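First to last, the sequence lines map onto chains X and W. The first sequence begins at 187 in our numbering and counts up by one. The second sequence begins at 3 in our numbering and counts up by one. Just so you know, even glycine gets a beta-carbon here, dropped at the ideal spot from N, CA and C. This structure is a prediction, so every number in the text was calculated from the model and none was measured. Notes follow the structure.
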Amino acid sequence: AQSVAQPEDQVNVAEGNPLTVKCTYSVSGNPYLFWYVQYPNRGLQFLLKYITGDNLVKGSYGFEAEFNKSQTSFHLKKPSALVSDSALYFCAVRDTNTNAGKSTFGDGTTLTVKP
Amino acid sequence: SQTIHQWPATLVQPVGSPLSLECTVEGTSNPNLYWYRQAAGRGLQLLFYSVGIGQISSEVPQNLSASRPQDRQFILSSKKLLLSDSGFYLCAWSVRASGRLIYEQFFGPGTRLTVL
């Protein structure tokens, strides 16, 4: 069975500083990994995904993520945080066994960017 | 462009009452559809998914059910709500995977359900 872990419930950074939100995964076979963001009382929005290819994936709003196969990690990063980046972030791994496209989500990490 | 709608946005229901939440997708055909529940603003629990009309798969045993009467319509129902059914319900869709193409999910705005 596949799983995703987000070891930090909360990440606090100052505006302008780099940010990292951590994610580790466990799958059998090739990992298909995603990051989503959720603002209060809203649905999730897709940020980026890793399917294959370059280990550094670039996504929306200046976010990027680094896939590390040996460490089974897919950390989300941004060089310079904005206050508006404050939100709940989810890492997800897709089920590769079916075409149903099911994904397993982590428990989420709350990012707070302080001015 | 594709759009996903959910309604109602908020709902307060007494214990034991029925439930019907509706989700519709525009601008795409043959999507995979999903119902999630999010408790206390944290992790998502997949409740149901569907790969086609009338095809429903349940992920967890519970007093909820789902139906897909049309290609782009997904309905979440209950005959009798429990207190534990309170939560934030999210509908999502994705393009059906084709070969090595893997697609992300697109989420609706959600329904906040409070069972009293």
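| query | result |
| --- | --- |
| C-alpha distance - X:H261 paired with X:V279, whole-angstrom precision | 13 Å |
| Chain-ordered residues of the segment 104-116 of chain W with a beta carbon less than 8 Å from chain X | I104, Y105, E106, Q107, F108, F109, G110, P111, G112 and R114 |
| Where W:V117 falls: helix, strand or coil (DSSP) | strand |
| Beta-carbon separation (whole angstroms), W:V117 vs W:V17, contact threshold 8 Å | 6 Å |
| Under 9 Å by beta carbon: chain X residues contacting W:Y91 | Here the premise fails: no neighbours, minimum Cβ distance about 10 Å. |
| Assigned secondary structure, W:G89 (DSSP; H/G/I helix, E/B strand, else coil) | strand |
| Chain W contact residues for X:A286, given Cβ-Cβ distances below 8 Å | N34, Y51, V53 and S59 |
| Partners in chain X for W:R70, counting only beta-carbon separations shorter than 9 Å | The contacting residues do not exist; W:R70 stays about 13 Å from chain X at best. |
| Neighbourhood of X:L205 by C-beta, 6 Å cutoff - its chain only, sequence neighbours within 5 removed | V199, K264 and A267 |
| Beta carbon proximity, X:V291 to chain W, threshold 7 Å | With the sequence shown as reference, residue 291 of chain X is identified as Phe, and Val is not the correct amino acid for it. Yes, because at least one Cβ of chain W sits closer than 7 Å to the Cβ of X:F291. |
| Buried versus exposed, by CB contacts within 10 Å (16 or more), X:A273 | buried |
| Between the CA atoms of W:P111 and X:L242 - distance to the nearest angstrom | 30 Å |
| Exposure of X:Q257, with buried meaning 16 or more beta-carbon neighbours within 10 Å | exposed |
| Contact with chain X by W:R39, beta-carbon distance below 7 Å | no |
| Residue environment, W:E106, which counts as buried when at least 16 other CB atoms sit within 10 Å | buried |
| X:K300 versus X:S270, X:A187, X:E250 and X:S189, residue with shortest Cα-Cα distance | X:S270 |
| Residue span of the beta strand (DSSP E) that contains W:I1, given as start and end | As shown, chain W starts at 3 and ends at 118. That puts residue 1 of chain W outside it, with no answer to give. |
| Cβ-based burial, W:G89 [other Cβ within 10 Å; buried from 16] | buried |
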